[in-house]
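Participant:
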Amino acid sequence: MLDSAARRLIDPALNRAGRRLAALGATADAVTLAGLALGLLAAALIALGAPGWALLPLLASRVADGLDGAVARATRRSDWGGYLDIACDFAFYGAVPLGFVLADPEANGLAGAFLLAAFYFNGTTFLGYAILAEKRGMQTRAQGIKSLYFSNGLLEGTETIAFFVLICLFPGGFPPLAAIFAPLCYISGTVRIIGARALFRT
0 MLDSAARRLI
10 DPALNRAGRR
20 LAALGATADA
30 VTLAGLALGL
40 LAAALIALGA
50 PGWALLPLLA
60 SRVADGLDGA
70 VARATRRSDW
80 GGYLDIACDF
90 AFYGAVPLGF
100 VLADPEANGL
110 AGAFLLAAFY
120 FNGTTFLGYA
130 ILAEKRGMQT
140 RAQGIKSLYF
150 SNGLLEGTET
160 IAFFVLICLF
170 PGGFPPLAAI
180 FAPLCYISGT
190 VRIIGARALF
200 RT
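Just so we're aligned, residue 0 is where the sequence shown starts under numbering that gives the first Met the number 0, counting upward by one.
1. Rounded to the nearest angstrom, what separates Thr124 and Val190 at their Cα positions?
2. Can you list, in chain order, the stretches of the alpha helix (DSSP H) that have 4 or more residues and sit fully within the region 50 to 111?
3. DSSP three-state call for Phe125: helix, strand or coil?
4. Find out if the Cβ-Cβ distance for the pair Val100, Leu20 is shorter than 8 Å.
5. Using the Cβ count rule (16 or more neighbours within 10 Å means buried), how would you classify Leu57?
6. Please report the residue range of the alpha helix (DSSP H) in which Ala161 lies.
7. Give the secondary structure of Gly136 by DSSP, where H, G and I count as helix, E and B as strand, and everything else as coil.
8. Could you give the DSSP three-state label for Thr26: helix, strand or coil?
9. Check whether the region 58 to 67 touches the region 171 to 182, taking contact to mean three or more Cβ pairs, one atom from each stretch, closer than 8 Å.
10. Gly108 to Ala94, Cα distance in whole Å?
11. Verify whether the separation of the beta carbon atoms of Ser60 and Asn121 is less than 8 Å.
12. Could you please give the first and the last residue of the uninterrupted alpha helix (DSSP H) stretch that includes Leu198?
13. Around the Cβ of Thr31, are there at least 16 other Cβ atoms within 10 angstroms (buried) or fewer (exposed)?
14. Using a Cβ-Cβ cut-off of 7 Å (strictly less than) and excluding sequence neighbours within five positions of Ala110, which residues of its own chain qualify?
15. Leaving out five residues on either side along the sequence, give the residues of the same chain with a beta carbon under 6 Å from the beta carbon of Gly98.
16. Tyr82: buried (16+ other C-beta within 10 angstroms of its C-beta) or exposed?
17. CA-CA distance, Ala73 and Ala22?
18. Are the CB atoms of Leu114 and Ala53 within a distance shorter than 8 Å?
19. Are the Cβ atoms of Leu153 and Ala195 separated by less than 8 Å?
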């Protein structure tokens with residue numbers, strides 16, 4: 000819901016940084032993989048019981064997630080780059096709740112399973128929508144120039160990162176916070192399905 004507004008705020012700075020990185024020889028794929036490595040480091044720190052320390056690599060990973068597209072726009076965009084980016088995003092999104100489950104399976108196991116199931120459902124509705132939109136030649140730049148069609152939703156990347164920051168700051172609140180966020184994921188995916196039904200039935 001907030002991604003479009005967030006992109007308008009951060010894209011100018013990201014594009015400038017992306018052009019500088021490209022001039023230094025950085026590739027978009029390398030930035031994508033660096034972002035994934037930072038995100039997995041954050042998840043590992045969470046699993047080891049240090050969610051506060053995880054905030055730095057977690058936020059750095061999301062900066063890298065914005066920079067890879069900026070580097071691609073400054074050099075050469077490719078379908079492969081977009082595919083790698085979304086795959087790494089989903090790997091990161093799943094790793095953070097898993098980190099909390101591993102840190103305290105007894106306290107966080109049920110809430111973590113519920114949250115991961117909700118992520119799985121919401122991600123499926125997002126990717127399925129993108130496939131059908133591509134099939135119909137639909138395009139949007141509401142969230143910047145993307146290789147995939149990014150459909151709007153109640154919960155998007157901005158809200159998810161805010162949630163991750165919140166649970167890192169208050170790790171003891173993971174079960175109740177996940178119990179709030181997971182249903183919102185299901186609502187977001189369901190709303191997307193309703194929109195897809197209206198758009199893709201014919």
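Glycine residues also receive a C-beta, built at the ideal position from the N, C-alpha and C atoms. Here the structure is a predicted model, which is why all the values come from computation and not from measurement.
Facilitator: Let's see:
1. 10 Å
2. 50 to 73 and 78 to 102
3. helix
4. no
5. buried
6. Gly156 to Leu168
7. coil
8. coil
9. no
10. 14 Å
11. no
12. Phe173 to Phe199
13. buried
14. Phe173, Pro174, Ala177 and Ala178
15. Ala42, Ile45 and Ala46
16. exposed
17. 9 Å
18. no
19. no
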